[in-house]
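Chains A and B are the protein sequences, given in the same order. At the far end of the first sequence sits residue 327, using our numbering, and the numbering has no gaps. At the far end of the second sequence sits residue 348, using our numbering, and the numbering has no gaps. Here a beta-carbon is modelled for each residue, glycine too, at the ideal position from N, C-alpha and C.
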Amino acid sequence: MEFDFYLSTIWSVLKALPLTLEIWFFGIAFGLVIATGLTWLRASGYKLGEYFTRAYVFVFRGSPLLVQLYLIYFGLSQFDFVRHSPILWPILRDPMYCTIVAMALNTAAYESEIFRGALRAVPVGQIEAAKAFGMSAFTRFRLVTLPIALRLALPAYSTEIILMTKATALASVVTIMEMMGTAQKIQHDTFRPIEVLTCAGVIYLLLNLSIARLFAWVEYRLSPHLRPPPEQNQLAKPVPEVL
Amino acid sequence: MEFLNDLKDQASTAYELLAAGWGVQLLWGIAWTLAVTVVSMLIGATLGSLVAAAKLSHRGGLRFIGESYTTVFRGEPELLIIYLFYYGGTQVLTGVARSTGSIGSTDILNMPSFLGGVLAVGIISGAYQAEVFRGSFLAIHRGELEAARAYGMSAWLRFRLVIMPQVLRLAVPGLGNVWQLTIKDSALISVTGVAELMLTANKAARSTHHSLLFYTLAGILYLVMTSISTPIFDRAERYTSRSFTRPK
Chain A
85 MEFDFYLSTI WSVLKALPLT LEIWFFGIAF GLVIATGLTW LRASGYKLGE YFTRAYVFVF
145 RGSPLLVQLY LIYFGLSQFD FVRHSPILWP ILRDPMYCTI VAMALNTAAY ESEIFRGALR
205 AVPVGQIEAA KAFGMSAFTR FRLVTLPIAL RLALPAYSTE IILMTKATAL ASVVTIMEMM
265 GTAQKIQHDT FRPIEVLTCA GVIYLLLNLS IARLFAWVEY RLSPHLRPPP EQNQLAKPVP
325 EVL
Chain B
101 MEFLNDLKDQ ASTAYELLAA GWGVQLLWGI AWTLAVTVVS MLIGATLGSL VAAAKLSHRG
161 GLRFIGESYT TVFRGEPELL IIYLFYYGGT QVLTGVARST GSIGSTDILN MPSFLGGVLA
221 VGIISGAYQA EVFRGSFLAI HRGELEAARA YGMSAWLRFR LVIMPQVLRL AVPGLGNVWQ
281 LTIKDSALIS VTGVAELMLT ANKAARSTHH SLLFYTLAGI LYLVMTSIST PIFDRAERYT
341 SRSFTRPK
């Protein structure tokens, strides 16, 4: 009886996992696009671009995501031109799209700071060497700056991705039945919040742990130069130690 | 043009609405948000230092508990933890009260929403603070601890005279970050019905149908709170590291 209850709860919450992953994926994907734009604007050297990105980062990092979500979902529909726009209205009246927009805008602020830091952390000597080789600015960026910066940004980026997984739960407050929303519903139906929320919590934790493992693996693969050299006459381990 | 007209309308009604009493309500909201944040930070500091000590312990069991605490409470959605403490607390309280017969078998004893929210946010904050304290402890020079031991200081004396002053100094920037996180997390406890800034803005938006106005105001007020705390923590950092800077 008890066991059945846990099993059915986990199963119902798991059925909402695809929706959570959908919000998560699109939030991150659009966020990455916006963040790339912001980083480019910041690094381009235009004063106006710098002021804009500074203001953007200040606003989106300084206020809670919940406020941003409410502002986008409830607030923007106050404008008549939003309600009459054939492009904006279908997006902004749908809570699902609103969550994705809010998450993307929010994560872009954090990610652009991560990327800015990573770009600045690229050793100057490497860039100078590339210049001395006569590489064009684009080749230099493609072959030297970008690969090093991406590797440097990875640990902070993985933290941001995990924060995004946690943020998908906010979709439940604007009526989306993703994992958190489903757990809420079961909890209200059965009045057993501790059991239900623990089941949902286990799923969220496993999800986040696997994301963390995945990033640890990517990091391991991308930093062979930091690992100690393999012993002589010894076969390489089939599975990296981080796993 | 339509956009500008809309904006003008909003601005003219904004003053009326705020003067009609919502302004005072929002100020109370700020007070509650700050109260929630401060109490949560204190709960978090207590738990965080204990968990940091556990994570640095030589005993495997304690280390495991510390690791699990920080993994779980940093890996779960904040909303889930808040629901767990609020609704879970109600479940436990009701169960206990029903079994002792202090309420009828169909009555429900609700978790006080402030207590539930503060516990949840405090425990999340504690997970982040534990990492801050652990990092600060690891930044203390080993030689100083060895020197203190060589002087024959007891563990308590070492903690009081060598470890704690330095951990506090090194932890200030990290605690500033956690403070900002906690302010933002405190907005989530509006779901349990604590009348802090977010819930006040919500109520105002629903009852006046001016959601844009009130959510923008709430956003601005959160920005003010987070940006005011930056110079305060900078000051605290200067104060705590005053013995490490050259006098002018």
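- Message: By alpha-carbon positions, which one of B:W279, B:V278, B:L299, B:V272 ends up nearest to L288 of chain B?
- Response: Within the second sequence, residue 288 of chain B is the residue found at index 188, counting from 1. Cα-wise, what sits closest to L288 of chain B is B:L299.
- Message: Quick check: Q162 of chain A and L312 of chain B, are their CB atoms within less than 7 Å of each other?
- Response: Here residue 162 of chain A refers to the residue found at position 78 of the first sequence. Here residue 312 of chain B refers to the residue found at position 212 of the second sequence. It is a contact, given that the beta carbons lie within the stated cut-off.
- Message: According to DSSP, simplified to helix, strand and coil, what is Y251 of chain B?
- Response: Residue numbering aside, residue 251 of chain B sits at position 151 when the second sequence is read from its first letter. Coil.
- Ignoring anything shorter than 4 residues or poking outside the segment 181-217 of chain A, list the alpha helix (DSSP H) runs there in chain order. 208-216
- Item | Segments assigned alpha helix (DSSP H), at least 4 residues, entirely inside the segment 209-252 of chain B | 213-239, 242-250
- Message: I'd like to know if V141 of chain A contacts chain B, where contact means its C-beta is closer than 7 Å to some C-beta of that chain.
- Response: In the first sequence, counting from the first residue as 1, residue 141 of chain A sits at position 57. Not closer than 7 Å to any Cβ of chain B, the Cβ of V141 of chain A fails to qualify, so no.
- Message: For a contact defined as C-beta to C-beta under 8 Å, what are the partners of G319 of chain B on chain A?
- Response: Locating residue 319 of chain B in the second sequence gives position 219, counting from the first residue. The answer, in chain order, is V143, S147, V151, Q152, L155.
- By the 10 Å Cβ neighbour count, where 16 or more other Cβ atoms means buried, how is H241 of chain B classified, buried or exposed? Residue mapping note: residue 241 of chain B aligns to position 141 of the second sequence, counting from 1. H241 of chain B should be labelled exposed.
- Query: According to a CB-to-CB cut-off of less than 7 Å, which residues of the segment 274-290 of chain B neighbour chain A?
  - Reply: K284, A287, L288
- Query: With C-beta atoms as the reference, is M248 of chain A less than 7 Å away from G111 of chain A?
  - Reply: Sequence index remark: in the first sequence, residue 248 of chain A carries index 164 (1-based). Sequence index remark: in the first sequence, residue 111 of chain A carries index 27 (1-based). Yes. Within cutoff.
- Query: So which residues of chain B does L230 of chain A contact, with C-beta pairs closer than 7 Å?
  - Reply: Translated into the one-based positions of the first sequence, residue 230 of chain A becomes position 146. Chain B residues near L230 of chain A: none, gap ~28 Å exceeds 7 Å.
- Task: Give the residues from the segment 171-183 of chain B that approach chain A closer than 7 Å (Cβ to any Cβ), ordered along the chain.
- Result: V172, G175, E176, P177, E178, L179, L180, Y183
- For W122 of chain B and A304 of chain B, the rounded distance between their alpha carbons: The residue given as residue 304 of chain B occupies position 204 in the second sequence. The residue given as residue 122 of chain B occupies position 22 in the second sequence. Each residue's alpha carbon lies about 7 Å from the other.
- Task: Tell me whether E167 of chain B sits in a helix, a strand or coil according to DSSP, three-state version.
- Result: Along the second sequence, read from residue 1 onward, the residue named residue 167 of chain B stands at position 67. In this structure, E167 of chain B counts as helix in the three-state DSSP scheme.
- Message: Rounded to the nearest angstrom, what separates A295 of chain B and G160 of chain B at their Cα positions?
- Response: Counting from 1 along the second sequence, the entry for residue 295 of chain B is found at position 195. Counting from 1 along the second sequence, the entry for residue 160 of chain B is found at position 60. A295 of chain B and G160 of chain B: Cα-Cα distance of roughly 43 Å.
- Query: For G276 of chain B versus G226 of chain B, is the C-beta distance shorter than 7 Å?
  - Reply: Counting from one through the second sequence, the residue named residue 276 of chain B turns up at place 176. Counting from one through the second sequence, the residue named residue 226 of chain B turns up at place 126. No. Outside cutoff.
- Query: Counting pairs of beta carbons, one from the segment 209-217 of chain A and one from the segment 188-195 of chain A, are three or more of them closer than 8 Å?
  - Reply: no
- Task: Go ahead and label G204 of chain B buried or exposed: buried means 16 or more other beta carbons lie within 10 angstroms of its beta carbon, across all protein chains shown.
- Result: Within the second sequence, numbered from 1, the residue matching residue 204 of chain B stands at position 104. Exposed.
- Message: So D334 of chain B contacts chain A; which residues on that side make the cut at Cβ distance below 9 Å?
- Response: Counting from 1 along the second sequence, the entry for residue 334 of chain B is found at position 234. Here the premise fails: no neighbours, minimum Cβ distance about 16 Å.
- For my contact list, M211 of chain B and Y186 of chain B are in at a C-beta cut-off of 8 Å; report their separation, rounded to the angstrom. By one-based count along the second sequence, residue 211 of chain B stands at place 111. By one-based count along the second sequence, residue 186 of chain B stands at place 86. The Cβ separation is near 5 Å, so the contact holds.
- Message: When you compare the CB positions of G205 of chain A and L236 of chain A, do they come within less than 7 Å of one another, or not?
- Response: Along the first sequence, one-based indexing puts residue 205 of chain A at 121. Along the first sequence, one-based indexing puts residue 236 of chain A at 152. According to the sequence shown, residue 205 of chain A is Ala rather than Gly. Yes.
- Message: Any C-beta of chain C within less than 7 Å: which residues of the segment 181-210 of chain B qualify?
- Response: In the structure shown, chain C does not exist; the protein chains are A and B.
- Task: Using a Cβ cut-off of 8 Å, pull out every chain A residue sitting near E337 of chain B, in sequence order please.
- Result: On the second sequence, position 237 is the one that residue 337 of chain B refers to. Under the 8 Å cutoff, chain A gives no residues; its nearest Cβ is about 19 Å from E337 of chain B.
- To the nearest angstrom, how far is it from the Cα of G243 of chain B to the Cα of S236 of chain B? Mapped onto the second sequence, residue 243 of chain B falls at position 143. Mapped onto the second sequence, residue 236 of chain B falls at position 136. Cα-Cα distance, rounded: 15 Å.
- Message: Whether or not the segment 108-117 of chain B and the segment 192-202 of chain B are in contact is what I'm after, with contact meaning three or more pairs of Cβ atoms, one per stretch, closer than 8 Å; do they touch?
- Response: no
- Given that a residue counts as buried once 16 or more other Cβ atoms are within 10 Å of its Cβ, and exposed if not, what is Q210 of chain A? Position 126 of the first sequence, counted from the start, is the residue given in the question as residue 210 of chain A. Exposed.
- My understanding is that R269 of chain B touches S329 of chain B, with C-beta atoms under 8 Å, so please give their C-beta distance in whole angstroms. For this step, residue 269 of chain B is matched to residue 169 along the second sequence. For this step, residue 329 of chain B is matched to residue 229 along the second sequence. Incorrect: roughly 18 Å between the Cβ atoms, too far for contact.
- With T183 of chain A and V258 of chain A assumed to form a contact (beta carbons below 8 Å), what rounded beta-carbon distance in angstroms separates them? Stepping through the first sequence from its first residue, residue 183 of chain A is reached at position 99. Stepping through the first sequence from its first residue, residue 258 of chain A is reached at position 174. That belief holds up - the Cβ atoms of T183 of chain A and V258 of chain A are roughly 6 Å apart, short of 8 Å.
- Where the alpha helix (DSSP H) containing Y90 of chain A begins and where it ends: For the purposes of this step, residue 90 of chain A is taken as the residue at position 6 of the first sequence. First-last of the alpha helix (DSSP H) with Y90 of chain A: 86-99.
- Task: Check the Cβ-Cβ distances between S311 of chain B and every residue of chain A, and say whether any is below 7 Å.
- Result: Taking the second sequence and counting its residues from 1, one reaches residue 311 of chain B at position 211. It does: the Cβ of S311 of chain B has a partner Cβ on chain A nearer than 7 Å.
- Item | Assumed close pair R200 of chain A, R126 of chain A - CB separation to whole angstroms, cut-off 8 Å | Taking the first sequence and counting its residues from 1, the one referred to as residue 200 of chain A is at position 116. Taking the first sequence and counting its residues from 1, the one referred to as residue 126 of chain A is at position 42. Their Cβ separation, rounded to whole angstroms, is 6 Å, which keeps R200 of chain A and R126 of chain A in contact under 8 Å.
- Query: Any contact of the segment 261-277 of chain A with the segment 88-100 of chain A, i.e. 3+ C-beta pairs under 8 Å?
  - Reply: yes
- Element boundaries [alpha helix (DSSP H), containing M248 of chain A]: Position 164 of the first sequence, counted from the start, is the residue given in the question as residue 248 of chain A. Run containing M248 of chain A: 230-251, per the alpha helix (DSSP H) assignment.
- Task: Throw me the rounded Cβ distance for the G148 of chain B and F259 of chain B pair, which I believe falls under 8 Å.
- Result: By 1-based counting over the second sequence, the position of residue 148 of chain B is 48. By 1-based counting over the second sequence, the position of residue 259 of chain B is 159. That pair is no contact at about 16 Å.
- Can you give the Cα-Cα distance for A251 of chain A and A221 of chain A, rounded to whole angstroms? Translated into positions along the first sequence, residue 251 of chain A becomes position 167. Translated into positions along the first sequence, residue 221 of chain A becomes position 137. Their backbone Cα atoms lie some 38 Å apart in a straight line.
- Query: Can you list the residues of chain A that S327 of chain B reaches, using a CB-CB cut of under 9 Å?
  - Reply: For the purposes of this step, residue 327 of chain B is taken as residue 227 along the second sequence, with counting starting at 1. Here the neighbours are F142, G146.
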